[in-house]
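For the record, the sequence lines run as chains A and B. Note that the working numbering gives residue 205 to position 86 of the first sequence, counting from 1, and the numbers run on in steps of one. Note that the working numbering gives residue 485 to position 466 of the second sequence, counting from 1, and the numbers run on in steps of one.
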Amino acid sequence: MNDLKGAGKFYAHYLRKYWPGLLIVLALTILASYLQVKAPIYMGDAITALTKYLQTWSNPATRAQASQATFNSAIIKMAWFYIFNAAAMLISSLIISQIAGRSTGTMRIGLFRKMQWMRVSYFDTHSDGDILARYTSDLDNIFNAMNQAMFEIFASITLFIGMIIMMFRQNVTLAWVAVASTPVAVVLAAVIIVKAQKYVNEQQDDVGKLNGYINEQITGQKIIITNGLQQESIKGFLKHNEEVKKTTLRGQVWSGILFPLMQGMSLFNTALVIFVGSALVLQQGMSVAAGLGLVVIFVQLAQQYYQPIISLTSLYSMIQLAITGARRINEVREQPDEISPENGKILDGIHDKIELKDVHFSYLPGKEILHGVNIEVDHGEMVALVGPTGSGKTTVMNLLNRFYDLDSGSITFDGVDIREMDLMSLRENVGIVLQDPQLFSGTIGENIKFGKPDATDEELYDAAKQARIHDFIMTLDDGYDTMISDENTIFSAGQKQLMSIARTIITNPRLLILDEATSNVDTVTEAQIQEAMDNVIQGRTSFVIAHRLKTILNADKIVVLRDGNVIEEGNHQQLLAEKGFYAELYHNQMVFE
Amino acid sequence: MKTLGHYLKKYKSDVIWSTVAVVIISFATLWQPHLLQDMLNAIIKRDSSTVTKLGIELVALAILGIIAGIVNTIYSARAAQGVAADMREKAYRQIQTFSFQDIEKFSASNLVVRLTNDINQMQMVVMSVLQQLTRVPILFIGSFILAIITLPKLWWVIILMMILIFVISYFSFSKMGQYFEKMQTMLDRNNTLARENLMGIRVVKSFVQEQNQIEQFSEASDKMTKVTIIIGNLFSILMPAFFLIGDLAMAGSIMLVGSMVTSDPGALAAITAFVSYLYQILFAIVNGGFMLTGASRAFVSLRRLQEIYDTKPSLTFPDVPEEKLSGSIEFDHVTFTYPGDDAPTLQDINFSVKPGEMIGIVGATGSGKSSLAQLIPRLFDPETGTVKVGGENVKDVNEHSLRRAVSYVLQRSTLFSGTIAHNLRQGKADATVNDMRWAAHIAQSAEFIERLDHQYDAPIEERSANFSGGQKQRLSITRGIISKPDILIMDDSTSALDAKSEKLVQEALARDLGQTTTVIIAEKIASIIKADRILVLDEGKIVGSGTHHELVKNNAVYQEIYRTQKALEEV
């Protein structure tokens, strides 16, 4: 129910501005329904008129008076009704397609915009696939529902009501016959939908289990091959497959039976109307002309009578998907944005110290990761952060440009707390080189200019040269105009790192955060990375999560982190002399017996 | 389609029942207007006994239709489920015969998609074929014939209506096809942008490019919206146009009946039946069109499955009696090229290993270490030369003998959901708890397993999320040694272990598996420093062989590796 309310608000929000269009659609739908239920009446009239004409004509005495005028006018009216009906449907369908397309577009852009301002923590706690599904399947479901369901639900309801009214106006007894089976059909449909839902859920569970099994086995196929476990794997598969076969059969029968059943009911209802109608005509001694007309009208209406019910039942799942989609998109919309302080300080470079004072931080409340970290870096110094996985190195990086905010303590640049600075300005001054840098589809040049789209070609080449990637780019046929994307890249892991360095150099940040890549690269690239690193660090205050000995030896200061505490600090020689954790680390890994 | 028929054969009786049911439904649908015509004639004649008789016939026919509908659904679903399960089973069995190479050719994730999504497509198509596809042509042809029989003089109205519908469908669908293609490109573009921004959110934020990205995305999104609306407009025209054609054909027919009623009074009662048939024809065409679109998607899936079925395993084992192989290894002029590669990965490799020896293999990334090791358990075949295990060419022994003799621990430790015991028994089917304990103590996994509540019966979650990388590797080593193999290959399988644990594992291996020939592939020289012999690989060739002390003195490649590794790494 909550979902329904949320969905209501969601659609109200996005559809509000289209109210005139929706109103027109509403009016047109009512009109179309009226025209559609009224047209068969003219058909009945025409048949009646024709019968009378035939009777008059058949009697030689009255043949001269026989006229088809009533017949013709009924047919022409009917034709006009149909034309107007089609026109009304066309116009409202056109309007709906505009509204559905536009509002889905607004939702899509809104979702993207929201994503850009949301906190990093959301992305760290949700899988990419899950977030991306909101762009694809959820928006798709919403669009389909708006495009088809919105119109159909309304049309079905008005048509249904219109038909009932029309039937009762024509002949009360026959109308009762026509609607008598409705409650049965509705209850039947409801029961089947509930059952189908239950069994389809069961089916989905089993399918999920089977898919999980397949996924695990096939992904681990190399283990299966090397251990000769193929037969065992097949055995496990067959068990799941059999299970799925059983539950899916039940699910499919229940979900598949509704449509044929409703069609059968419609057939039955029409048969009943014909039967009772014809009997009624004879029993009540109606004239042949009126009787034929009446039966024809009711047959036309009865044949259509079940259409709205059939449509509504088939729309059920579509609507449900749209409600879920709205909930999932709402979930994102309700996420908090990043906070930039009002009148935040605009940074004019970083001229002096960067200090972390008694920094406490936790990703999850109660699970503190950093326990009072103190680091002080002088202007232009390079700090190497060293420590085992999970020691908190990456977390320190996350705090420096406010991807996350600390729990207590402070981080200050030139004595100013970073939370008092304008967020954009802070980030413009802090550059980041990530381990596995994301590239964007576009040209190489655009990627390097990512942080400074208005950079000149000179700046571009200069950055690439400093990052030691220029020569490689020049070997490509299209040079800087070569199209790349993250999926289909021409770069090796090492070259990607160089691209990332070039991208950072061009923005000329005052503070640099560099997460050194651990991936193995060939010796040539290794040397290039070394030079590029030296270039990018030159003249900047920098934090480096270090993995390579050379980097560590180059550092002005080594900070050793362990379990969220700074346990040692100093340069290489000092730390070795201390014979502490760093010294042990160094000897264990590096010195051979 | 032929292939699909092949799978349906097994469900002949289900298919027959569901088809019979479809024929009955179609008959009921088609015959009702005809009975209506008779009924109207009976009214004209005021023949109440005929009215009763026809009424009962009508109702009986409708009930028959309902029953047939239910029967059809049940049997269609049975056939669809059966076919889907069979196709899935066949594909799965086929995949189990695949070699490493075949798996890599498809990629594991791609195979999973085929086994799930594509099979699902097939299931839906069988269901809809049995429920609808036979019905559409029956209704179409039946209505056409009955309509012409009902009012023969109006044959041309039907033809005219059909031509108009076809012309409109043809034009709008050909136009739509072009926009659908455009739509797909734009959809891809939108999704790519969203995905890239999602994965690179830190990059976007740290470069303060949010606004730029929003503008870029809005532009792409707006373009897509435009095409969406165009397609929507084309669809908007379609339905009202179809109905209008049908409605006007109906009005026209009645008009025509009016002009001929004096010469043919029977036409009066026939008109309603004729109109019903007209609509049936219209619906059949529309439904048929929709179904064809769905079927085209199924063809793609069928083709993708067919690819699995048609893949002959690239490597098969001879059907020879099982034998016990000793732990010696011999490479004789072995050259190996990965399928699809131009340059060989291994060139002229020669060496032999005595049972019980410990061999280390080092070399830069891409020097061919793993490729070399993979030839021993015959995961690939060499291009030229021979690989022998226990003195026998690996191509001449049966799979089970080789698997029993050689245990291969991969770099990426994959565990399966279940219990620890379940995973360890993959290495030795009848392993007792004592066997497990023994192996776990060697692999240094006992210390954490035996602290767990259920010890060896402790659960392993999906993607083994409840164990750390180092623990996973130790478990996977435990699985590798539990069978006391004659040859143990460790392909960089201690990379996530800390230095101390790694040392303990190696000491225990030397102590308790002294008889086992051990081949250790390592990135870190520390991992193989104690080997009896170290092979140095460089660009697919063996460039050095000897102990650490020998190599460090006289082998340039080894010295270089040694030098670059003097870097501090994470513990």
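Where is the CB? At the ideal position from N, CA and C, for every residue including glycine.
The beta carbon of S481 (chain A) sits closer than 7 Å to the beta carbons of E487, I488 and D526 from its chain, once the five residues preceding and following it are set aside; these are given in chain order.
Nearest neighbour of V144 (chain A) by Cα position, chosen from A:Y241, A:Y424, A:N266 and A:T223, turns out to be A:N266.
Secondary structure in the segment 402–433 of chain B: the beta strand (DSSP E) runs of 3 residues or longer, each lying completely within the stretch, are 403–408 and 425–428 in chain order. The straight-line gap separating the alpha-carbon atoms of L73 (chain B) and V296 (chain A) is approximately 17 Å. At a cut-off of 9 Å between beta carbons, F370 (chain B) makes no contact with chain A. A distance below 7 Å between beta-carbons, with the five flanking residues on each side excluded, links Y298 (chain B) to the following residues of its chain, in chain order: G265. Scanning B:Q235, B:I256, B:W174 and B:L212 for the CA closest to the CA of M195 (chain B) turns up B:I256. Take the alpha-carbon of D121 (chain B) and the one of Q350 (chain A): they are about 18 Å apart. Only residues of its own chain outside the window of five on either side were considered, and among them L504, G506, I664 and L680 have a CB closer than 7 Å to the CB of K512 (chain A), listed in chain order. Look at H490 (chain A) here: in three-state DSSP terms it is strand. For T389 (chain A), the chain B residues whose C-beta falls within less than 7 Å of its own C-beta are Q51, listed in chain order. With a cut-off of 8 Å on Cβ pairs, the segment 531–541 of chain A is not in contact with the segment 595–604 of chain A, counting fewer than three such pairs. Along the length of the segment 458–537 of chain B, whole beta strand (DSSP E) runs at least 3 residues long occupy 506–510, reported in chain order. Taking CB atoms only, I280 (chain A) has no neighbour in chain B less than 9 Å away. Contact check between the segment 354–374 of chain B and the segment 514–531 of chain B: fewer than three CB pairs, one atom from each, fall below 8 Å, which does not count as touching. Not a single C-beta of chain A is nearer than 9 Å to the C-beta of H473 (chain B). In the three-state scheme derived from DSSP, where H, G and I count as helix and E and B as strand, F159 (chain B) is classed as helix. Nearest C-alpha to I677 (chain A) among A:D555, A:E495 and A:A574: A:E495. Within chain B, R214, L217 and M218 have C-beta atoms less than 8 Å from the C-beta of D247 (chain A), given in sequence order. From the beta-carbon of A61 (chain B), the residues of chain A found nearer than 8 Å are S397.
Its chain contains I469 and I473 as the residues whose beta carbon lies nearer than 6 Å to that of F532 (chain A), once the 5 sequence neighbours on both sides are disregarded; these appear in chain order. Using a Cβ distance threshold of 9 Å, M602 (chain A) and G561 (chain A) count as a contacting pair. As DSSP reads the structure, K476 (chain A) sits in a beta bridge with A:S529. Rounded to whole angstroms, the separation of the alpha carbons of V415 (chain A) and A206 (chain A) is 25 Å.
Residue pairing by DSSP places E687 (chain A) opposite A:V679 in a beta bridge. With a threshold of 9 Å between beta carbons, E351 (chain A) makes contact with chain B. Using a CB distance below 8 Å, the part of the segment 525–557 of chain A facing chain B consists of M543, R546, E547, V549, G550, I551, L553, P556 and Q557, ordered along the chain.
With 16 or more other Cβ atoms from the protein chains shown falling within 10 Å of its own Cβ, V372 (chain A) counts as buried.
DSSP, reduced to helix, strand and coil, places L695 (chain A) within a helical segment of the structure shown. Look at A131 (chain A): its C-beta is not under 9 Å from any C-beta on chain B. Judged by DSSP secondary structure, L556 (chain B) falls within the beta strand (DSSP E) whose first and last residues are R552 to D557.
G370 (chain A) is classed as buried because its beta carbon has at least 16 other beta carbons within 10 Å across all chains shown.
At a beta-carbon threshold of 7 Å, none of the residues of chain B lie near P427 (chain A); the nearest stands roughly 15 Å away. Note that the segment 409–424 of chain A touches the segment 162–171 of chain A; at least 3 beta-carbon pairs, one per stretch, sit closer than 8 Å.
Within the segment 447–467 of chain A, those residues whose Cβ lies closer than 9 Å to any Cβ of chain B are, in chain order, E457. By the neighbour-count criterion, in which 16 or more other beta carbons inside 10 Å mark a residue as buried, Q693 (chain A) falls on the exposed side.
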